[in-house]
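If you read the sequence shown in my numbering, its first letter stands for residue 8, the second for the next number, and so on.
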Amino acid sequence: MSIRTIFFFFYLFISLSLFSQDRHWQNWCFGVRGGMSFNDNPISQYNSGFGFGSGSEGVTTMSDKEGNLQFYACGNRVFNKMHGTMVNGTGLNSHTSSSQGTLALPCPGSDSLYFLFTVDASENNFVSGLSYNIIDMSLQGGNGEVIVKNIIIEPHVTERMTFARHANGIDFWVIVHKWGSRDFLSYLVSDTGVVLNPVVSSIGKVHGGGTYNALGCMRVSQKGDKLACAIWDENVFELFKFNNATGALSDPITSPANNDEPYGVEFSYSGNRLYTTSYWGKQVSQWDVSTWDSASIWSSSTLLGTYPGFFQYAGGLSLGHDRKIYCANNQSDFLGVINCPEELGGSCNFDMNGLDLLGANKSTYGLPQSLLSPIVFHTDSQLCFADTVSFFINDTLFIDSVVWNFGDLGSTVNNVSNSFCPKHEFSDTGTFDVQLVYYFNCSPDTYTTFITITSEEPEVILPDDTTFCHNTILSVDVMQNGCQYLWQDSSMQSSYNISQAGLYWVIKTNVCGEDRDSINVQYSDLFVNLGSDLDTICDGDTLFVDAYYPEASYLWSDASTTSSFTITQAGLYWVEVTDSNDCEVSDSIAISLVSISTNMTNSDPDCEASPIIIELNDVYDSYLWSTGENTASIVVQNAGIYSVQVTRDGCSTSDFIDINALMDEDCAYTYYLPNAFSPSLNGVNHTYKLLGQGVETFELSIYDRWNKKVIQLNEGNNIWDGTYRNKNVSEGVYLYALEGRFNNGEEFKEKGSLMLLR
Numbered sequence: 008m009s010i011r012t013i014f015f016f017f018y019l020f021i022s023l024s025l026f027s028q029d030r031h032w033q034n035w036c037f038g039v040r041g042g043m044s045f046n047d048n049p050i051s052q053y054n055s056g057f058g059f060g061s062g063s064e065g066v067t068t069m070s071d072k073e074g075n076l077q078f079y080a081c082g083n084r085v086f087n088k089m090h091g092t093m094v095n096g097t098g099l100n101s102h103t104s105s106s107q108g109t110l111a112l113p114c115p116g117s118d119s120l121y122f123l124f125t126v127d128a129s130e131n132n133f134v135s136g137l138s139y140n141i142i143d144m145s146l147q148g149g150n151g152e153v154i155v156k157n158i159i160i161e162p163h164v165t166e167r168m169t170f171a172r173h174a175n176g177i178d179f180w181v182i183v184h185k186w187g188s189r190d191f192l193s194y195l196v197s198d199t200g201v202v203l204n205p206v207v208s209s210i211g212k213v214h215g216g217g218t219y220n221a222l223g224c225m226r227v228s229q230k231g232d233k234l235a236c237a238i239w240d241e242n243v244f245e246l247f248k249f250n251n252a253t254g255a256l257s258d259p260i261t262s263p264a265n266n267d268e269p270y271g272v273e274f275s276y277s278g279n280r281l282y283t284t285s286y287w288g289k290q291v292s293q294w295d296v297s298t299w300d301s302a303s304i305w306s307s308s309t310l311l312g313t314y315p316g317f318f319q320y321a322g323g324l325s326l327g328h329d330r331k332i333y334c335a336n337n338q339s340d341f342l343g344v345i346n347c348p349e350e351l352g353g354s355c356n357f358d359m360n361g362l363d364l365l366g367a368n369k370s371t372y373g374l375p376q377s378l379l380s381p382i383v384f385h386t387d388s389q390l391c392f393a394d395t396v397s398f399f400i401n402d403t404l405f406i407d408s409v410v411w412n413f414g415d416l417g418s419t420v421n422n423v424s425n426s427f428c429p430k431h432e433f434s435d436t437g438t439f440d441v442q443l444v445y446y447f448n449c450s451p452d453t454y455t456t457f458i459t460i461t462s463e464e465p466e467v468i469l470p471d472d473t474t475f476c477h478n479t480i481l482s483v484d485v486m487q488n489g490c491q492y493l494w495q496d497s498s499m500q501s502s503y504n505i506s507q508a509g510l511y512w513v514i515k516t517n518v519c520g521e522d523r524d525s526i527n528v529q530y531s532d533l534f535v536n537l538g539s540d541l542d543t544i545c546d547g548d549t550l551f552v553d554a555y556y557p558e559a560s561y562l563w564s565d566a567s568t569t570s571s572f573t574i575t576q577a578g579l580y581w582v583e584v585t586d587s588n589d590c591e592v593s594d595s596i597a598i599s600l601v602s603i604s605t606n607m608t609n610s611d612p613d614c615e616a617s618p619i620i621i622e623l624n625d626v627y628d629s630y631l632w633s634t635g636e637n638t639a640s641i642v643v644q645n646a647g648i649y650s651v652q653v654t655r656d657g658c659s660t661s662d663f664i665d666i667n668a669l670m671d672e673d674c675a676y677t678y679y680l681p682n683a684f685s686p687s688l689n690g691v692n693h694t695y696k697l698l699g700q701g702v703e704t705f706e707l708s709i710y711d712r713w714n715k716k717v718i719q720l721n722e723g724n725n726i727w728d729g730t731y732r733n734k735n736v737s738e739g740v741y742l743y744a745l746e747g748r749f750n751n752g753e754e755f756k757e758k759g760s761l762m763l764l765r
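Structure (structure tokens):
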């Protein structure tokens with residue numbers, strides 16, 4: 008393999024996939040003519056167009072992504088990069104004394120459009136609330152123009168307004184607080200504009216009462232996971248967890264009410280330290296917020312300094328690109344500077360006169376809010392063995408020194424480098440944990456990425472084309488370190504299970520190249536089915552089963568080897584069939600033998616009992632008597648031979664009985680009523696009727712237990728099927744009344760009960 012040089016970029020602040028080179032907050036304009044640029048080290052200063060005097064607070068400044076000043080604003084006015092008033096840049100819905108009155112953001116996906124958000128001040132009773140404007144920097148020869156102006160989103164919000172980058176690395180959240188409410192409102196800003204339906208978090212204290220409670224600043228940590236705000240008249244600071252994926256706040260922590268008119272808030276870059284100012288107390292303090300515990304946070308308070316001048320007040324705080332925190336000092340020629348914000352207590356090195364503003368420039372209460380692009384990990388990279396990897400840091404402006412550790416102990420002394428642009432050739436294959444420690448002012452910072460070195464070009468060898476037996480699964484694994492895989496069905500795993508016929512292929516790739524192979528799989532269609540285990544044969548019958556398959560061999564349960572088999576008796580039968588590919592299948596069948604016989608009996612034919620009843624002493628699937636009836640029993644009046652054919656499980660047999668007992672003279676005139684019947688579906692005793700000899704006419708009325716007549720029978724309608732108005736009557740006892748006359752003129756009458764069973 009030829010040796011290649013691979014350029015591997017470490018982006019301290021920018022991810023190519025998410026952020027691009029982002030210097031939108033490299034310039035600050037503030038106070039009285041104050042201007043400074045973080046494009047230089049040390050930072051440079053210039054005169055801005057601001058001249059509002061000591062009252063100016065909520066300022067904002069916007070640069071393009073290369074760090075070139077575009078515009079800045081305070082109160083109701085926007086200045087262009089030439090420090091003159093922008094076209095249509097006056098009369099904004101804000102006020103110079105609104106704590107965080109203006110906020111500029113780049114429009115995601117555009118290099119020329121910018122949003123300018125404003126919040127009104129207590130002096131105006133918050134009437135205009137939160138509004139937005141749109142600035143197009145491609146107009147007026149690059150000096151910009153306000154093309155959309157004073158679009159009110161939410162009236163009556165406090166003077167607090169801040170922002171955070173969305174978790175997707177592209178969009179933004181703009182966060183405000185409703186006046187007289189506990190509601191934080193998070194508005195999403197994307198390439199489609201401002202989403203006017205905010206995420207509402209009703210949490211923490213009510214921001215209401217005296218209008219001074221609308222004063223004070225609000226800030227989100229650089230990582231987008233914490234939010235702090237100051238409430239002036241309540242003398243408290245509030246802390247919340249912030250979710251930059253959803254815009255929601257949670258887990259409130261409120262400070263003791265012993266802060267003298269709190270105003271400014273800002274987090275260190277890591278988010279582990281919170282810095283605050285008290286306006287009337289003229290104090291700058293530090294809090295350790297590395298753990299989310301109320302008691303430990305508020306007990307960690309460290310007073311860093313108190314401004315001595317009568318008209319000097321500690322104002323807003325803001326994190327600069329050099330990761331120092333700057334403090335506005337009203338009516339001062341200096342800005343306060345917290346030089347080492349990550350250090351605890353006095354080690355943070357607060358200097359209340361840390362930056363000389365030079366000349367006639369002065370600080371007032373406000374400083375622009377800034378967002379530093381987060382430190383991100385480079386995407387995992389895979390390289391070929393013997394490649395030389397070159398590492399770069401894209402922005403070293405404020406970095407003092409670096410230490411690289413390539414995680415490659417086999418390279419001995421070459422495993423560590425202090426170069427800003429080192430090159431390294433890894434000593435072996437595998438995955439290496441590459442670590443960069445860089446020193447930024449006072450404190451080191453670290454991040455890590457992973458590099459995989461692969462030894463060779465990918466190679467894939469699949470089995471030869473073949474035919475498999477039914478239900479066989481072929482598991483193929485083409486695993487090779489550092490490779491990606493693509494199968495014919497778009498799956499991307501290193502292994503694949505083949506269970507159906509077809510053409511299968513895989514492409515294996517890594518940074519060194521690609522390889523591919525395919526396999527054509529066929530499956531034997533060998534199959535045998537002897538039938539259902541529910542099959543039966545009747546006594547004396549046979550069942551023929553066939554397991555034939557071309558060019559196959561057979562083995563039956565009785566050791567016979569023919570393709571077919573004849574079954575004559577009950578039992579379990581099986582066969583194994585083997586084809587020319589040595590594939591084997593088997594099946595079995597359990598056969599039941601049905602042997603059916605009958606046993607008929609008849610009742611004693613005396614007149615006192617009942618007519619003669621012929622019945623079977625077993626239960627069958629169906630019945631057919633010589634009388635045409637299909638019930639399990641029949642009632643006869645005369646002597647003779649009676650036969651029946653019955654079936655069960657598909658088999659049938661027949662039998663007969665000779666009834667030769669003749670009824671005597673006294674039996675010529677008689678009748679009989681059953682005392683029970685069952686109108687069910689089995690055909691046994693399923694109707695109720697009058698039985699007798701010599702009956703000329705009769706009326707049989709049947710009543711339910713509430714004495715309601717359900718049926719009346721006579722010689723023309725002599726059968727009741729257990730229904731009333733075509734609906735089944737319920738099971739139970741029913742009453743009957745019978746009146747009738749024999750052919751000899753003799754009358755009969757009877758009352759009684761019967762049982763209906765279901």
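Built from N, CA and C at the ideal position, the CB exists for glycine as well.
Taking W299 and D258 to be in contact with their CB atoms under 8 Å, please state how far apart those CB atoms are, rounded to whole angstroms.
-> 7 Å
Compute the distance between the beta-carbons of L314 and L324, then report whether it is under 9 Å.
-> In the sequence under discussion, the amino acid at residue 314 is Tyr, which differs from the Leu named in the question. Judged by beta-carbon spacing, L324 lies beyond the 9 Å limit of Y314, meaning their Cβ atoms are not closer than that value.
Among all the DSSP beta bridges, which residues are the ones paired with C36?
-> G42
Put Y314 into one of helix, strand or coil per three-state DSSP.
-> In this structure, Y314 counts as coil in the three-state DSSP scheme.
Taking all protein chains shown into account, decide if D394 is buried (16 or more other Cβ within 10 angstroms of its Cβ) or exposed.
-> buried
Cβ shell of N48 (< 6 Å), same chain only, five flanking positions each side left out | Taken in chain order, the residues that qualify are L404 and F405.
Pick from Y741, M762, D402 and N504: whose alpha carbon is nearest that of N46?
-> Taking N46 as reference, the option from Y741, M762, D402 and N504 with the minimal CA-CA separation is D402.
What do you reckon, are the CB atoms on L351 and D295 nearer than 9 Å?
-> Contact flag set, yes.
So A302 is in the alpha helix (DSSP H); what residue range does that whole segment cover?
-> Where A302 is concerned, the enclosing alpha helix (DSSP H) stretches over S301 to S306.
Measure how close the beta-carbons of E161 and V183 come, nearest whole angstrom, since I'm counting them as under 8 Å.
-> 7 Å
What residues are listed by DSSP as bridge partners for Y139?
-> For Y139, DSSP records a beta bridge to F124 and I158.
Under 8 Å by Cβ, that's how I've got D190 and V207 pegged, so tell me the actual separation to the nearest angstrom.
-> 5 Å
To the nearest angstrom, report how far apart T199 and E166 are at their CA atoms.
-> Distance between the alpha carbons of T199 and E166 is about 26 Å.
Enclosing beta strand (DSSP E) for F57 [first to last residue] | S51 to G58
With respect to the beta strand (DSSP E) encompassing A335, which residues constitute its N-terminal and C-terminal limits?
-> A335 -> beta strand (DSSP E) spans I332 to N336.
Decide if T455 is buried, meaning its Cβ has at least 16 other Cβ atoms within 10 Å, or exposed.
-> exposed
Contact between the stretch 489-496 and the stretch 440-457: three or more CB pairs below 8 Å?
-> no
Considering only residues of the same chain and omitting the five flanking positions on each side of G327, which have a CB-CB separation below 7 Å?
-> F45, Y333 and S377
From this set, T634, T461 and D452, which residue's C-alpha is nearest D435's C-alpha?
-> T461
Take P681 as the anchor and find which of Q652, G723, I619 and R655 has the nearest alpha-carbon.
-> For the residues Q652, G723, I619 and R655, the minimum Cα distance to P681 belongs to I619.
Supposed close pair S501, D524 - CB separation, criterion 8 Å | Actually they do not touch by this definition, with Cβ atoms about 14 Å apart.
Best match in F475, I154 and T569 for proximity to T97 [C-alpha to C-alpha] | Minimum Cα distance to T97 is reached at I154.
Separation of S687 from H693, as counted between CA atoms | 6 Å
Three CB pairs or more closer than 8 Å across the stretch 467-477 and the stretch 508-516 = yes
Q147 and M69 closer than 9 Å at C-beta = no
Whole-Å CB distance - D127 paired with S101, under 8 Å assumed = 6 Å
Can you pull the DSSP bridge partners for V280?
-> Val is not the amino acid found at residue 280; the sequence shown has Arg there. R280 pairs with D295.
Below 8 Å on the Cβ atoms is my guess for F249 versus A171; work out the distance and round it to an integer in Å.
-> Confirmed, Cβ separation roughly 7 Å.
Counting only runs that start and end within the stretch 342-381, where is the beta strand (DSSP E) found for 3 or more residues in a row?
-> 357-363
If you count every other CB in all the chains shown that lies within 10 Å of the CB of K289, and 16 or more means buried, which is it?
-> The residue is buried, with at least 16 neighbouring Cβ atoms inside 10 Å.
Length of the line joining the Cα atoms of Q529 and L481 | 11 Å
Only counting runs of 3 or more residues, tell me where the beta strand (DSSP E) segments fall wholly within the stretch 453-485, in order along the chain.
-> 473-475 and 481-484
Beta-carbon proximity check, L379 vs Y270, cutoff 9 Å = No, the pair does not count as a contact, with Cβ atoms beyond the cut-off.
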